[in-house]
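Below: the structure, in structure tokens.
Right under this line is the structure:
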């Protein structure tokens, strides 16, 4: 079923249509009732409610990692901190924390000290010249890495105007914008598909 969903998503992107029945624009509401892709509302009410929301995100993340055979005790130990940072910075920069967590899954599988062949570091695989001066202990710090990744992703969204284009750019592709199309690589296509597939799992978990 997941394979069919991914193939369908790829086809929709190739056709320049919607993905998973959503249109990813700044003012768009997900087709799943009660959820906004961006402009995620800050939790209202008592602190217990926010704690409950964060715990639910931890449990969803565990379930998703287990479904991909990616769960272990080390990840279980850091998930509360990861979720706390993802929620906090997502609210500040008007992103859905579940989207941020989906990006973390795609980038690092929730391994905080991973380094890519290109030199990207940490949970959100930060690779930005503005951060080159920072020592590894900062880049690998859970809270700081998520803060930097969210700032970068939110900046791409603000500049490009859609979540899909922001994901393409976050993946590292320098896009060339034309009047009626955006030229991107297949790698960026399928990176965005993977992120949105995991995001779909969060929304339906």
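Numbering (this note's numbering), first residue to last: 57 to 261.
For every residue, glycine included, the Cβ atom is placed at its ideal position computed from N, Cα and C.
This one's a predicted model, so the numbers in the text were calculated from it and none came from an experiment.
Which class does residue i belong to by DSSP, given the choice of helix, strand or coil?
i: residue 167; result: coil
i: residue 157; result: helix
i: residue 150; result: coil
i: residue 188; result: coil
Which residue marks the beginning of the alpha helix (DSSP H) containing residue i, and which one marks its end?
i: residue 213; result: 198-216
i: residue 126; result: Careful: residue 126 lies outside any alpha helix (DSSP H) and carries neither H nor E.
i: residue 259; result: 242-259
i: residue 222; result: 219-226
i: residue 195; result: 192-195
Identify which residue in the options has its Cα closest to the Cα of residue i.
i: residue 133; options: 167, 142, 106, 150; result: 167
i: residue 176; options: 158, 196, 157; result: 196
i: residue 186; options: 163, 157, 205; result: 205
i: residue 110; options: 202, 154, 129, 130; result: 154
i: residue 251; options: 215, 165, 200, 201; result: 165
i: residue 106; options: 135, 115, 171, 140; result: 140
i: residue 113; options: 157, 200, 181; result: 157
Compute the minimum distance between the beta carbon of residue i and the heavy atoms of the ligand PLP, and state whether it is under 6 Å.
i: residue 227; result: By its list of ligands, the structure shown contains no ligand whatsoever, and the ligand PLP lies outside what it can speak to.
What are the residues that DSSP puts in a beta bridge with residue i?
i: residue 182; result: 177
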